[in-house]
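Protein chains: 2
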Amino acid sequence: MDDKLLERRNRYLGAGSTLFYERPVTIVRGEGVHLYDEHGKRYVDMYNNVPSVGHCHPHVVDAVSKQVATLNVHSRYLHPGIVDYAARLTATLHDGIDSVVFTCSGTEANEVALMMARATTGGVGIVCTDEAYHGNSAEVRKLNRCRASTGAVRSIPYPDLYRYDGKGDALEYYLARLDAVIEGFARDGIPFAGMLACPIFANEGLPRVPEGFLAAAAERVHRAGGVFIADEVQAGFCRTGRWWGYEYADCVPDIVSMGKPLGAGIALAGAASSAAIVETFRRSTRYFNTFASSPVQAAAGNAVLDVVERDGVLDNVTRVGAFLRDRLGTLVGQHPSVGELRGCGLFIGVEWVRDRESKTPDRDGAIRVVNALKDRGYLTSNAGAYGNVLKLRPPLVFSQGDAEAFVGVFESTLADLM
Amino acid sequence: MDDKLLERRNRYLGAGSTLFYERPVTIVRGEGVHLYDEHGKRYVDMYNNVPSVGHCHPHVVDAVSKQVATLNVHSRYLHPGIVDYAARLTATLHDGIDSVVFTCSGTEANEVALMMARATTGGVGIVCTDEAYHGNSAEVRKLNRCRASTGAVRSIPYPDLYRYDGKGDALEYYLARLDAVIEGFARDGIPFAGMLACPIFANEGLPRVPEGFLAAAAERVHRAGGVFIADEVQAGFCRTGRWWGYEYADCVPDIVSMGKPLGAGIALAGAASSAAIVETFRRSTRYFNTFASSPVQAAAGNAVLDVVERDGVLDNVTRVGAFLRDRLGTLVGQHPSVGELRGCGLFIGVEWVRDRESKTPDRDGAIRVVNALKDRGYLTSNAGAYGNVLKLRPPLVFSQGDAEAFVGVFESTLADLM
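Listed in order, the protein sequences are those of chains A and B. Each step along the first sequence adds one to the number in our numbering, with nothing skipped, and position 275 is 275. Offset between the second sequence (1-based) and our numbering: plus 1000.
As structure tokens, this is what we get:
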């Protein structure tokens, strides 16, 4: 670890600017699924979803470099790039989602999504789940790890079959909680706007959820006059083996926010919806975003889509994801520290527990594994409501060979830690 | 105008996504102070502050292209680029501003600045001016064209000597309004956090202000336990002929938000403050921003600083700005439609009025000039509380020759419109 660099970083960015790992790594180069430190040590990236088609993909690098050299300006002049990109991007979404408002970050995408919901319904009340993370602005932060049962933003417990200890049917239990919040808004005279959720509850540790939960939740939201927003910043863009997390969750949102993987590192995010909702939003806010909808955002986004289409990335995610989950499942099936292995596509969560009976979350255990894997050249992280879920989320181009190699290292790491 | 492209844009981005000019232009290439449409027609850019060192500056293009090809990842690994950039950037600010939180947009920078102010004071009450624009998020929008005299965000009238019609001393009048808002917070039991203002009131049309206004305002804010935030998104980074707008306004802020010109088009913005305030903010929020503090932000920011230092950009702004303001001042000094020409550095506002006596704002007149200049190959816009201020804000590398050529065109445009 570069102690001098760390000291300078603390001074100029603040010590509270968190780094990964007990002994942070300096990363100076990326290529495909690999990252390299300042001494040339190679790490396999099993964490980052931003470099969706791999770090520094030549086609994306080329497209971005050419565009930066040609034109990089805001969207108050006509330019075909962002229009073409919006057309291609919305074509991957379900019918009825026709139009996009581009932003620079997932936070800004959720800001826009919330404004769309409120502008189109005339309501303000938003339901979220209680251990999610949706961004860093003042408004969006209200939805992070939200415990509120008063005010305009209120939460329901995130669905989790592994830890569900209620009596009776889990689906009914969670839906009843949603009903209660919607009724609470009505009782308190707060007009309802809708619900915002990550379709795979990524920050909550990718819990197994009662089948049909989100479809039923969206139906209840609609019945109460609200709209359903899918936060696809983590779930979307092929990650689950479907184009969008809401397809995996089998529900149909009214508004879709998206971000991280779209531009392979170029700041590109947005909120998509029906033309009518987007227009209502545009007219009510006159929204403008200096760096968004730029030709460079378009170049990056289009190049990423080129690679996804050309290289069969979605098929790769499905195939390698299934293989990896299968092999890891076999490996940890009886492991005393693993409560459950779950996930979809190339997004896997491994629930670390003190023992399988008590299910007591073992955050320290998960962190130990994360750091041990890092020392062995694999970059992962931990997530979840208890911080005890090992989070595996490699670039979408992670290969079967990469998966095989990881399984071997994971096995020996577990053995070493026992 | 490309009608088909416009139609597709309306469909995919929403018709409410505003374009400049009665007949919008398609722009496909930029170089230096020039933009080119799809037929190769050349426009002189007298509006954009984002391409601070000129469109597609080769040094910036090269630095960004190399970095995009090498590594483009988030800030939870150590990387020297963003630390070096933070050190260079803070060196341009006054002593005591040592540390930066990077973001992707000016909106996010103001979000962070507000959180810093509130975290460090424990207060919530914010004073702003009443015709400003500070960004597009829900929280920051509360400060846009704010008329509130209740709640946590309240406004004072922006200072404007041209339209000041109060009795007595203007400085005392505006400061008394600030005192009244601060007292109002105390009376209503809303703990005071501070004041946020653009040091040159750019969106308010670059008004002439009573001398010493912002220094006196900051002093009153401090006395009341608040902090003073300078929104330098438009005013900062050499625009005024000083490094930062607050130097031009002769005041010393506690927090500085910045954005547009920093990365020459790469989404780069941030909020800087003392190490203590940044650390209080970091610890209270655990703020993280996926695309910010990246090696690509650093490469862009460092390359722009290279050009600014190497090519004497600050001196160019001072010299060409003074020349341009002088020549234009002579030109419009007696013009019946021009109430006042004002500004600083390469940021000039021309107040359009129905006649010089009534001072009735003439928004239509300003818009007519903007469109006429566009037809003659000069891109400008209108701004101000009444939309009647012709806004001239070319890239910082605008040359004396560029300025001379513009003066000629401006003169003939005015003659044609009479």
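Don't be surprised by glycine CBs; every beta carbon is placed ideally from N, CA and C.
DSSP, read as helix, strand or coil, puts A:R239 in coil. Within the segment 267-337 of chain A, the complete beta strand (DSSP E) segments at least 3 residues long are 269-273, listed from N- to C-terminus.
Residue pairing for B:T1103: DSSP places it in a beta bridge opposite B:A1269.
Interface flag for B:N1072 against chain A is set, since a Cβ pair is found closer than 7 Å. Assignment of B:Y1085 by DSSP, reduced to helix, strand and coil, places it in the helix class. Under the Cβ criterion of 7 Å, B:E1279 is counted among the residues facing chain A. Going by beta carbons, B:C1238 and B:V1317 fall inside the 7 Å limit.
For A:I182, the three-state secondary structure derived from DSSP is helix.
Per DSSP, the unbroken alpha helix (DSSP H) holding B:E1247 starts and ends at G1245 to Y1248. By a beta-carbon distance limit of 8 Å, A:F201 does not contact A:L171. Their separation comes to about 15 Å.
For B:A1224 against B:I1255, the beta-carbon gap comes to about 16 Å, at or over 8 Å, which does not count as contact. In the three-state scheme derived from DSSP, where H, G and I count as helix and E and B as strand, B:K1391 is classed as strand. DSSP lists A:V127 as the beta-bridge partner residues of A:R154.
Per the C-alpha coordinates, the member of B:A1269, B:R1342 and B:P1295 positioned closest to A:C104 is B:A1269. For A:A267, at least one C-beta of chain B is nearer than 7 Å to its own C-beta. Among the CB atoms of chain B, one or more fall inside 7 Å of the CB of A:P80. A:A176 has its alpha-carbon roughly 13 Å from the corresponding atom of A:K167. Check the Cα spacing between B:A1405 and each of B:C1198, B:L1071, B:G1343 and B:R1327: the tightest is with B:R1327. The Cβ atoms of A:C56 and A:G30 sit closer than 7 Å to each other.
A275, V278, E279, T280, F281, R282, R283, S284, T285, R286, Y287, F288, N289, T290, F291, A292, S293, S294, P295, V296 and Q297: these are the residues of the segment 271-298 of chain A whose beta carbon lies less than 9 Å from some beta carbon of chain B, given in chain order. The secondary-structure analysis by DSSP pairs A:N49 with nothing; it has no beta-bridge partner. Per the coordinates, the alpha-carbon of B:H1335 lies some 14 Å from the alpha-carbon of B:L1390. Under the DSSP definition of a beta bridge, A:G32 partners with A:H55. Between the segment 1281-1300 of chain B and the segment 258-266 of chain A there are three or more C-beta pairs closer than 8 Å, enough to call the two in contact.
Boundaries of the alpha helix (DSSP H) harbouring B:F1213: F1213 to R1223, taken from the DSSP string.
The C-beta distance from A:V25 to B:L1078 rounds to 7 Å, short enough to meet the 8 Å contact threshold.
Boundaries of the beta strand (DSSP E) around B:V1350: F1347 to W1352. Residues of chain A with a Cβ closer than 9 Å to the Cβ of B:C1056 are, in chain order, V68, A69, T70, L71 and N72. Beyond the five residues adjoining it in sequence on each side, A:Y173 comes within less than 6 Å, by CB distance, of G166 in the same chain, given in chain order. Close CB contacts of B:D1416 within its chain, under the 8 Å cut and outside five residues either way in sequence, are with A1372 (chain order). Of the other Cβ atoms in all chains shown, 16 or more fall within 10 Å of the Cβ of B:G1226; this residue is therefore buried. Around the beta carbon of A:D3, fewer than 16 other beta carbons sit within 10 angstroms, so the residue counts as exposed.
Per DSSP, the beta-bridge partners of A:I255 are A:I229 and A:S273. In summary, B:H1094 is exposed, with fewer than 16 beta-carbon neighbours lying within 10 Å of its beta-carbon over all protein chains present.
A residue is called buried when at least 16 other Cβ atoms come within 10 angstroms of its Cβ; B:D1098 meets this threshold and is buried. DSSP places A:A132 outside both helix and strand once states are collapsed to three, so it counts as coil.
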